[in-house]
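Structure first, then comments.
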Amino acid sequence: MTTKTDGASENDNAEKLERLNANLAKMDELSKRLVSAMGKKKSADHGLQGPNQDVYVQAAAAYMAEMMNNPSKILEQQVNYWGKSLKHYVDAQQQLAHGKIEPPQDKGPTDRRFKSELWDTHPYFNFIKQQYMYSSEAITDAMHNLEGLEDHEKNRVSFFAQQIIDMFAPTNFLATNPDALSRAVETDGASLVQGLENLVHDIEANEGDLLVSLADETAFKVGENIATTEGSVVFRNHMFELIQYKPTTEQVHATPVVIFPPWINKFYVMDLKPQNSLIKWIVDQGHTLFIVSWVNPDESYADVGIDTFIDEGYLTAFEQVKKITGEAQLNAVGYCIAGTMLSLVLALMKKRGDTSVKSATFFTMLSDFEDPGEMGVFLENDFVDGIERQVADKGYLHSFFMSRTFSYLRANDLVYGPAIRSYMMGEAPPAFDLLYWNGDSTNLPGRFVVEYLRDLCQDNKLAKGTMQLLGETLALSDIDLPICAIACETDHIAAWRGSYTGIQKFGSTDKTFIVSESGHVAGIINPPSKKKYGHYSNADMAGSQDDWWAGATFHEGSWWPRWDVWLSKDSDRMVAARMPGDQDCPILAPAPGTYVLMKSGKS
5 MTTKTDGASE NDNAEKLERL NANLAKMDEL SKRLVSAMGK KKSADHGLQG PNQDVYVQAA
65 AAYMAEMMNN PSKILEQQVN YWGKSLKHYV DAQQQLAHGK IEPPQDKGPT DRRFKSELWD
125 THPYFNFIKQ QYMYSSEAIT DAMHNLEGLE DHEKNRVSFF AQQIIDMFAP TNFLATNPDA
185 LSRAVETDGA SLVQGLENLV HDIEANEGDL LVSLADETAF KVGENIATTE GSVVFRNHMF
245 ELIQYKPTTE QVHATPVVIF PPWINKFYVM DLKPQNSLIK WIVDQGHTLF IVSWVNPDES
305 YADVGIDTFI DEGYLTAFEQ VKKITGEAQL NAVGYCIAGT MLSLVLALMK KRGDTSVKSA
365 TFFTMLSDFE DPGEMGVFLE NDFVDGIERQ VADKGYLHSF FMSRTFSYLR ANDLVYGPAI
425 RSYMMGEAPP AFDLLYWNGD STNLPGRFVV EYLRDLCQDN KLAKGTMQLL GETLALSDID
485 LPICAIACET DHIAAWRGSY TGIQKFGSTD KTFIVSESGH VAGIINPPSK KKYGHYSNAD
545 MAGSQDDWWA GATFHEGSWW PRWDVWLSKD SDRMVAARMP GDQDCPILAP APGTYVLMKS
605 GKS
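Just so you know, we're using my numbering here: the sequence shown kicks off at 5 and counts up by one.
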């Protein structure tokens, strides 16, 4: 006799089986779409896919040499690794032998990737985690202790070894990820179906390549719910649109401010929403603010080089700002790569006797590439040669390659973590404005990217005083106007130490150097209202990086007000607020303009 409870249970099981079969059928269909999407992948130069074999040959050769010259050191490392692995295995076996279905006590270091309690309470998952941690530690120590390699070679070997370590984390595989497995069981496989749908979407969106979506693309619209500070496009050429923002005060400082954002990304990182908008904040402090919105180049920009950015970008923008405001001078700001280029422009203007710039501010900027930090692993010839061949073929470097490169500098946060949530857990990407901006990147003109990487990054010509440009030989020492530089403590793109070294070489006697807490973006987009990250200052720049840090004073809160005081100290004359647009410079479009809306299509 079957009870009602038994009948209900049978019905539930039948429904579960039906849902599971339906999900398996969906996965079969999605798999076909996945194969089709991957088949659309376009060829790219092999130099853009990873380092050449020299990295591995150097590491292997150094390791073998160490084995021959110092075998006791290698044996000590191996015995230490074997000992830890064997002890953990024996401990686990003893627990099971005593009938305890639980792992031995875990005294290892914590790792936020293993936040599920099952990593600590389940014998299977705990054993896998611990073995991974021991292996990671052994590989890291072996690379760190390698002798016979130059510093830049050791940095590359260690970086790519860490990439392999991160890639093989057990969290990255369904069979060894307890969260993903639990989610799949709870949803009768629906989470895996949705995850496969997310994977197919990302590969289709990138025409066969994989780049994990970090944010919900439908949650934001530029000019509607981000980049909404009121202003107008008052000039446009084939390189940029110039936006002038509407004043919010009755009077403004006489000297206008013009910001040059990096053309690797779009300017609205400084205007994501009113609460954290640097653009709005500057306007609210009584400054006439202009910002350059760069064009998103395609193959027609193949011959645009550094000289084009200077002549038809910076210098043209300066002339337009002076024309619109009637002022003879302005305050210039350069962010990241645009700051590097601004230093070139200032050196050139000094040689030409052009005093249009009253002061210059640099956000997270490298001008001396002797020590480029973590980015240095991508500045060797294998990568740069690949980029040079790619742009010779296509005319430009597609944004995909730069996005992928920067993502792998923080692979666990920007690659594997989002991939796990999206593809294994079946979660939708979050509606996060900063991550949306991060995915809205731009292409780079062919000639420019090669000149920048060869002349400025690899050969470090500006810092060495040998940069030949537009008929002049340029050096950082040529720059002698007041300088304010803001670097970020944990910046993985423009390390603060490298930024400090470059500013030291400027010829200016009036230098202010500030280090903000946090990284490349969060350290800059740090509004005073949040009281989140503090900053360090030290007026003495005569000593080394360590000397500056040792003597620095920590200040609670944002650096923005400190910068405003510096920016305004010689601009105390106030004038009536300037509205965008007049008979000579009519309004062409409302902010944020049209160039910022251009997407990067693949050729």
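Every residue, glycine too, gets a C-beta built ideally from N, C-alpha and C.
Which residues DSSP lists as bridging residue i, in chain order
{"i": "W298", "result": "F244"}
{"i": "M471", "result": "L478"}
{"i": "N335", "result": "V261, S363"}
{"i": "H539", "result": "S520, H559"}
{"i": "Q255", "result": "A580"}
{"i": "C340", "result": "Answer by DSSP bridge pairing: none, since C340 is not bridged."}
{"i": "G235", "result": "Y249"}
{"i": "P449", "result": "Y400"}
{"i": "A489", "result": "F366, F517"}
{"i": "I230", "result": "V226"}
{"i": "L293", "result": "V261"}
Residue burial classification, residue i (beta-carbon count within 10 angstroms, cutoff 16)
{"i": "H291", "result": "buried"}
{"i": "K465", "result": "buried"}
{"i": "K91", "result": "exposed"}
{"i": "R356", "result": "exposed"}
{"i": "L79", "result": "exposed"}
{"i": "N73", "result": "exposed"}
{"i": "D213", "result": "buried"}
{"i": "K2", "result": "Since the first residue shown for the chain is 5 and the last is 607, residue 2 is missing from the structure and cannot be characterised."}
{"i": "T175", "result": "buried"}
{"i": "P301", "result": "buried"}
{"i": "G43", "result": "exposed"}
{"i": "R117", "result": "buried"}
{"i": "F494", "result": "Just to set this straight, residue 494 is Thr in the shown sequence, not Phe. Answer is exposed; the Cβ neighbour count stays below 16."}
{"i": "I391", "result": "buried"}
{"i": "K46", "result": "exposed"}
{"i": "K362", "result": "buried"}
{"i": "F172", "result": "exposed"}
{"i": "A100", "result": "Here residue 100 is Leu; the residue named in the question, Ala, does not match the sequence. Exposed, because fewer than 16 other Cβ atoms sit within 10 Å of the Cβ of L100."}
{"i": "F517", "result": "buried"}
Residues near residue i in its chain [Cβ-Cβ closer than 8 Å; skip 5 each side]
{"i": "L276", "result": "I230, A231, D437, L438, W441, I529"}
{"i": "M5", "result": "In this prediction, M5 has a pLDDT of 46, which is less than 50 and means its spatial position is unreliable; nothing more can be read from the coordinates."}
{"i": "N181", "result": "P174, T175, I424, M428"}
{"i": "A69", "result": "E151, G152"}
Through-space distance from residue j to residue i, alpha-carbon basis
{"i": "A415", "j": "E384", "result": "20 Å"}
{"i": "S140", "j": "G421", "result": "18 Å"}
{"i": "G152", "j": "N159", "result": "13 Å"}
{"i": "R280", "j": "A96", "result": "Rather than Arg, the amino acid found at residue 280 in this sequence is Asn. Their backbone Cα atoms lie some 51 Å apart in a straight line."}
{"i": "I286", "j": "Y249", "result": "10 Å"}
{"i": "F367", "j": "F129", "result": "44 Å"}
{"i": "D482", "j": "A351", "result": "5 Å"}
{"i": "L21", "j": "D192", "result": "8 Å"}
{"i": "T312", "j": "G527", "result": "30 Å"}
{"i": "T344", "j": "V579", "result": "32 Å"}
{"i": "A184", "j": "I132", "result": "15 Å"}
{"i": "G235", "j": "V226", "result": "14 Å"}
{"i": "S186", "j": "N202", "result": "19 Å"}
{"i": "K77", "j": "Y85", "result": "13 Å"}
{"i": "V261", "j": "D568", "result": "11 Å"}
{"i": "V216", "j": "Q255", "result": "46 Å"}
{"i": "H496", "j": "M369", "result": "12 Å"}
{"i": "S533", "j": "R566", "result": "14 Å"}
{"i": "Y504", "j": "K284", "result": "28 Å"}
{"i": "N241", "j": "P596", "result": "16 Å"}
{"i": "R577", "j": "Y272", "result": "29 Å"}
Residue i: CB within 7 Å of a non-hydrogen atom of the ligand MG
{"i": "T222", "result": "The ligand MG is not among the ligands present in this structure, which contains no ligands whatsoever."}
Own chain, CB closer than 6 Å to residue i, minus 5 neighbours either side, in chain order
{"i": "M471", "result": "K465, L478"}
{"i": "G450", "result": "A306, V395, G399, Y400"}
{"i": "F239", "result": "L246, Q324"}
{"i": "G199", "result": "Y427, M428, G430"}
{"i": "F373", "result": "C461, N464"}
Cβ neighbours of residue i in the same chain (closer than 7 Å, five flanking residues each side left out)
{"i": "G538", "result": "E521, F558, H559, E560, G561"}
{"i": "D444", "result": "K270"}
{"i": "I143", "result": "A165, I169"}
{"i": "R582", "result": "P251, V256, T292, T329"}
{"i": "K30", "result": "V197"}
{"i": "S607", "result": "Caution is warranted here: a pLDDT of 46 is assigned to S607, below 50, making its placement in the model unreliable, and no coordinate value can be reported."}
{"i": "G309", "result": "R451, F452, E455"}
Every unbroken alpha helix (DSSP H) within the stretch 556–604, with a cutoff of 4 residues, ordered by chain
564–572
Tell me the start and end of each unbroken beta strand (DSSP E) in the stretch 104–174 that is at least 3 residues and wholly inside, in chain order.
List check, beta strand (DSSP E) in window: nothing returned.
Those runs of the beta strand (DSSP E) which lie wholly inside the stretch 361–397 and span at least 3 residues:
Correct list: 361–367.
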